[in-house]
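S.K.: These protein sequences, in sequence, are chains A and B. Its first residue numbered 1, the first sequence is counted upward by one per residue in my numbering. Its first residue numbered 1001, the second sequence is counted upward by one per residue in my numbering. Ideal Cβ placement from N, Cα and C applies to all residues, glycine included. Have a look at this one before I ask anything.
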Amino acid sequence: MTNRDEVPKVNAGSMADIAFLLLIFFLVTTSIETDAGLARMLPAINPKPPLPIPEKNILPILINGEGALLVDDEQVDLADLRKLTIAFLDNGGASQEDPRYCDYCRGERDSKSSDSPAEAVVSLLSNRETSYGTYISVQNELVGAYNDLRNREAQRLYKRLYTDMEKAYRSPETPVSVKEDLKPKIKHIQDLFPLNLSEAERN
Amino acid sequence: MMSKFNLGRNEESPEVSTASLPDIVFMLLFFFMTVTVMKDDSLKVVNELPNATEMKRLEKKDRIITIYIGKPQKKWEDIVGSEPKIQVDDKFIDVVEVGSFVLGRIASMPEGIRSYATVSLKVDKNANMGLISDVKQELRKVNALKINYTTLNGEILLNR
């Protein structure tokens, strides 16, 4: 007779096989998340008739079918686009007496370029033949120009990068109290350099 | 001194214990379960995403509507041609159907998150802007204004 007090051991040798099977199943049916990208807002259809914007407050960027860039009717390289955009946005051409005077701008204060970041509009014109890759490169540089300027101001005012603040604000792990604290700061920085990007298509 | 090294010569080499193998595999399993997501669409279009550096993560999956745009894959070319197409869920749709599709998706979301609905555009980098502008125009018509150009993290000069 066998000893009744002893509980028979379950053979766990096949545990590894089972786990491997599950592992392979998950490897095959899932993919690593790639959902990140450039967030943009489309303009609403039929907005109020736009007020005429003085030409000096517009930075016209044209991408042609071959992927060449024209900024202010001059052909530029993609690598220079960010620098050009920053110079335009940060210009702050309005004079000291002007209510639009921008006291945080560090640009050239050229009276022929934009008055203040709030007034400056980047106008992006693309062609139907433009490839999406080129278009995204340009969008990336424009968003990058805004981010650079916002980072600079956030660093000055809050000793922290704007992109960091925004990331923390959007992350689900951030506690609500921190979010409440971040919200007005982010809003303030966004108001300093509002994203004015208008898009149109030309055939 | 030599005897020290010769001690085990006549004995059989000890077996490596595999008792911890299941634990290791389970650890791997949990890793993959947490960092990956289920594939919800099977792609019918070529979808090589462009690179960007200034990206934002799309945090919440329940409010994202995905639209794929690109050239149809080889096996679908005979049926739908080789021009870039729009794919949603598992089917190709026409530009004019984009609006109603997005509205349908928004309507199926819980009411509280409808205003946060984001359209994620997964567009092949070789597609032309013409079709994308048309899609954007359709989205504007149905007031789905929050969009996200889904991209990979990388050098933008490789986009052309």
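Step through the CB atoms of chain A and report whether any lies within less than 7 Å of the CB of B/Ile1156.
M.R.: It does: the Cβ of B/Ile1156 has a partner Cβ on chain A nearer than 7 Å.
S.K.: Where does B/Met1109 fall in DSSP's three states?
M.R.: Residue state, collapsed to three classes: coil.
S.K.: Measure from the C-beta of B/Thr1150 to each C-beta in chain A and report whether the shortest distance is under 7 Å.
M.R.: Interface residue, yes.
S.K.: My parser needs the beta strand (DSSP E) runs of 3 or more residues fully inside the stretch 1023-1072 of chain B; what are they?
M.R.: Segments of the beta strand (DSSP E) lying fully in the stretch 1023-1072 of chain B: 1036-1038 and 1064-1070.
S.K.: For the stretch 35-67 of chain A, which residues have a CB atom closer than 9 Å to at least one CB atom of chain B, in sequence order?
M.R.: Here the close residues are Asp35, Ala36, Gly37, Leu38, Ala39, Arg40, Met41, Leu42, Pro43, Ala44, Ile45, Ile63, Gly65 and Gly67.
S.K.: Check each candidate in B/Asp1090, B/Phe1031 and B/Thr1018 and name the one with the smallest Cα separation from A/Ile24.
M.R.: Taking only the C-alpha atoms, the option nearest A/Ile24 is B/Phe1031.
S.K.: State yes or no: is the C-beta of B/Pro1050 within less than 7 Å of the C-beta of A/Ile136?
M.R.: Yes.
S.K.: Smallest Cα separation from A/Ser111: which of A/Ser95, A/Ala12, A/Ser126 and A/Val122?
M.R.: For the residues A/Ser95, A/Ala12, A/Ser126 and A/Val122, the minimum Cα distance to A/Ser111 belongs to A/Ser95.
S.K.: Along chain B, in chain order, which residues have C-beta atoms closer than 8 Å to that of A/Gly144?
M.R.: Result: Thr1053 and Glu1054.
S.K.: Please report the Cβ distance between B/Val1135 and B/Ile1086, rounded to the nearest whole angstrom; I am assuming they are in contact, meaning their Cβ atoms lie under 8 Å.
M.R.: Going by Cβ atoms, the distance from B/Val1135 to B/Ile1086 rounds to 7 Å, so yes, they are a contact pair.
S.K.: Cα-Cα, which of A/Ala16, A/Pro43, A/Asp35 and A/Glu153 is closest to B/Lys1146?
M.R.: Measuring from the Cα of B/Lys1146, the nearest candidate turns out to be A/Pro43.
S.K.: Does A/Tyr139 pass the burial test, meaning 16 or more other C-beta atoms within 10 Å, or should it be called exposed?
M.R.: Contrary to the premise, residue 139 of chain A reads as Gln rather than Tyr in this sequence. So A/Gln139 counts as buried.
S.K.: Please confirm whether A/Asn57 and A/Ser114 have their CB atoms less than 7 Å apart.
M.R.: Yes.
S.K.: Just grab the DSSP bridge partners of A/Glu199 for me.
M.R.: DSSP, once it has assigned bridges, lists A/Leu124 as partnering A/Glu199.
S.K.: Rounded to the nearest angstrom, how far is the Cβ of B/Leu1121 from that of B/Asn1159, given a contact under 8 Å?
M.R.: About 15 Å; that fails the 8 Å criterion.
S.K.: Nearest to B/Gln1137 by alpha carbon, out of B/Glu1097, B/Leu1152 and B/Lys1056?
M.R.: When only C-alpha atoms are compared, the closest one is B/Glu1097.
S.K.: Listing by chain order, which chain A residues have their CB less than 8 Å from the CB of B/Asp1124?
M.R.: Neighbours of B/Asp1124 on chain A, chain order: Tyr132.
S.K.: Using C-beta distances below 7 Å, list every residue in its chain close to A/Ile189, excluding the 5 sequence neighbours before and after it, in chain order.
M.R.: Closer than 7 Å at Cβ, skipping near neighbours: Arg150, Glu153, Ala154 and Tyr162.
S.K.: Report buried or exposed for A/Gly204, applying the criterion of at least 16 other Cβ atoms within 10 angstroms of its Cβ.
M.R.: What is shown of chain A runs 1 to 203, which leaves residue 204 of chain A out entirely.
S.K.: Name, please, each residue of chain B whose Cβ falls closer than 8 Å to the Cβ of A/Glu129.
M.R.: Asn1128, Met1129 and Gly1130, listed in chain order.
S.K.: Use the C-beta contact count for B/Tyr1116: other C-beta atoms within 10 angstroms, 16 or more gives buried, fewer gives exposed.
M.R.: Answer is exposed; the Cβ neighbour count stays below 16.
S.K.: Using the C-alpha atoms, what's the distance from A/Gln75 back to B/Val1035?
M.R.: Each residue's Cα considered, the two are about 44 Å apart.
S.K.: Please list, in chain order, all residues of the same chain as A/Ala200 whose beta carbon is under 6 Å from its beta carbon, the five residues on each side excluded.
M.R.: Contacts found: Leu125.
S.K.: How far does the beta strand (DSSP E) with A/Ile45 in it extend, from its first residue to its last?
M.R.: No beta strand (DSSP E) contains A/Ile45, which DSSP labels as neither H nor E.
S.K.: Report yes if the CB atom of A/Ala145 is closer than 7 Å to the CB atom of A/Thr85, and no otherwise.
M.R.: Yes, these two residues count as a Cβ contact at 7 Å.
S.K.: Counting only beta-carbon separations shorter than 7 Å, does B/Glu1138 have a partner in chain A?
M.R.: It does not: the Cβ of B/Glu1138 has no partner Cβ on chain A nearer than 7 Å.
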